[in-house]
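Chains as they are written, first to last, in this note's numbering: chain A, 1 to 150; chain B, 151 to 300.
The structure is reproduced here in C-alpha cells:
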C-alpha cells in the first residue's frame, strides 16, 4: 500500500517539474514544430503579449507597431480590423475606434518562433494619432531627427 | 534654524514627487517634444527596451523584429551593424555574430513617441536563423499556417 501511494506521487511530482520546465523553455520538439509546422501556436511573452507590426499592404511602409494579447488577437481575427492591447491603459483597443481610421487586415504573417506578427493592412486614413500616414515619419540623423518629408 | 531646515527638505520631497511623476508619464510638453521635435529622446519601456524592426531597405520586406536596450542602440549606431538585446539570454548580441549574416543599417526611423525603431537594412545573408530570407515566411490561413513560398 505504501508502494502504491509512492509511485503516483513521485510520478505526479516528476510531471509537475516537466511541465514547469516546458512552460519556461520549449523542448526542441516544440521549437521545431513552432518554426517549421503548420500549426498556429502563438507564443505570448511573460506579460501575455505578442509584438504586432502593421505594414501597408500596397506600399510596404511600416505604419505602426503595437502589442496584442490573446483578446486583441482574437478580436482582430474575428473582425478583420486591427485590435491591440494598450500597455499604458491596460485594455483592448481597436485602432481607429475614436478617429475612424481603422486598419483593414488583409493578411497576418507569423514569425519563426511565433512571438511576432506582421499585419498587412489597408488603412482607412492616417495610421498615426499625430495625423501622419504612419508613425515612422522621422529618421535619426547624427544625434537629432529629420522629417522624411522635410 | 528650524525654518531653514524645513524649506530644503520640503523642496527635496516636492522634487522627488515631480521626478517620479515624470518618470511614469510624460508631461504634455515632453510628449509634444517627443512627437514633433528634432531631438532624439528614445523612450525605453519598463524593462529598458525599445522595439526594433529590421526592414529590407530594397524590397521593403519586414525581416525580423527584436528589442534594443541602450547598449544595443549605442552599438548599432557606432558600428552600423544591427545589435539587439536578447531577452532570453539577457545579453547584447550582434545579428550575424555566429552566422556572419549581419544586417548593415542604412537608416534608422523613429516612431511618434520614440519607443520603436525601423532599421532599413542591407542583409549580408538570410536574416532568419532558420535560413529563410526573413522570419515572416508563413501566413495565418484559417486556424493554421501556410508557407508564403509553398
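In this text, a Cβ means the ideal position worked out from N, Cα and C, and glycines have one as well.
Contact with chain A by residue i, beta-carbon distance below 8 Å
i                      : result
residue 317 of chain B : A question about residue 317 of chain B goes unanswered here, because the residues of chain B that appear run from 151 up to 300.
residue 286 of chain B : yes
residue 212 of chain B : yes
residue 234 of chain B : no
residue 188 of chain B : yes
residue 225 of chain B : no
residue 261 of chain B : yes
residue 204 of chain B : no
residue 248 of chain B : no
residue 290 of chain B : yes
residue 281 of chain B : no
Rounded C-alpha distance that separates residue i from residue j
i                      : j                      : result
residue 139 of chain A : residue 190 of chain B : 10 Å
residue 255 of chain B : residue 96 of chain A  : 32 Å
residue 217 of chain B : residue 206 of chain B : 17 Å
residue 177 of chain B : residue 263 of chain B : 13 Å
residue 283 of chain B : residue 230 of chain B : 20 Å
residue 35 of chain A  : residue 280 of chain B : 8 Å
residue 42 of chain A  : residue 32 of chain A  : 14 Å
residue 265 of chain B : residue 86 of chain A  : 14 Å
residue 208 of chain B : residue 273 of chain B : 10 Å
residue 147 of chain A : residue 298 of chain B : 34 Å
residue 101 of chain A : residue 94 of chain A  : 10 Å
residue 90 of chain A  : residue 74 of chain A  : 17 Å
residue 88 of chain A  : residue 238 of chain B : 24 Å
residue 141 of chain A : residue 180 of chain B : 20 Å
residue 293 of chain B : residue 143 of chain A : 45 Å
Cβ of residue i within 8 Å of any chain B Cβ
i                      : result
residue 118 of chain A : yes
residue 29 of chain A  : no
residue 65 of chain A  : yes
residue 35 of chain A  : yes
residue 107 of chain A : yes
residue 79 of chain A  : no
residue 58 of chain A  : no
residue 51 of chain A  : yes
Check whether residue i and residue j have beta carbons under 8 Å apart
i                      : j                      : result
residue 82 of chain A  : residue 103 of chain A : yes
residue 194 of chain B : residue 220 of chain B : yes
residue 204 of chain B : residue 271 of chain B : yes
residue 277 of chain B : residue 199 of chain B : no
residue 108 of chain A : residue 119 of chain A : yes
residue 136 of chain A : residue 261 of chain B : yes
residue 267 of chain B : residue 38 of chain A  : no
residue 249 of chain B : residue 275 of chain B : yes
residue 215 of chain B : residue 51 of chain A  : yes
Sheet register partners of residue i (DSSP bridge)
i                      : result
residue 205 of chain B : B/212, B/270
residue 103 of chain A : A/123
residue 294 of chain B : A/39, B/291
residue 91 of chain A  : A/86
residue 67 of chain A  : A/51
residue 109 of chain A : A/118, B/289
residue 231 of chain B : B/254
beta-carbon residue i near the ligand ADP non-hydrogen atom, thresh 7 Å
i                     : result
residue 56 of chain A : The ligand ADP is absent from the structure shown, which contains no ligands of any kind.
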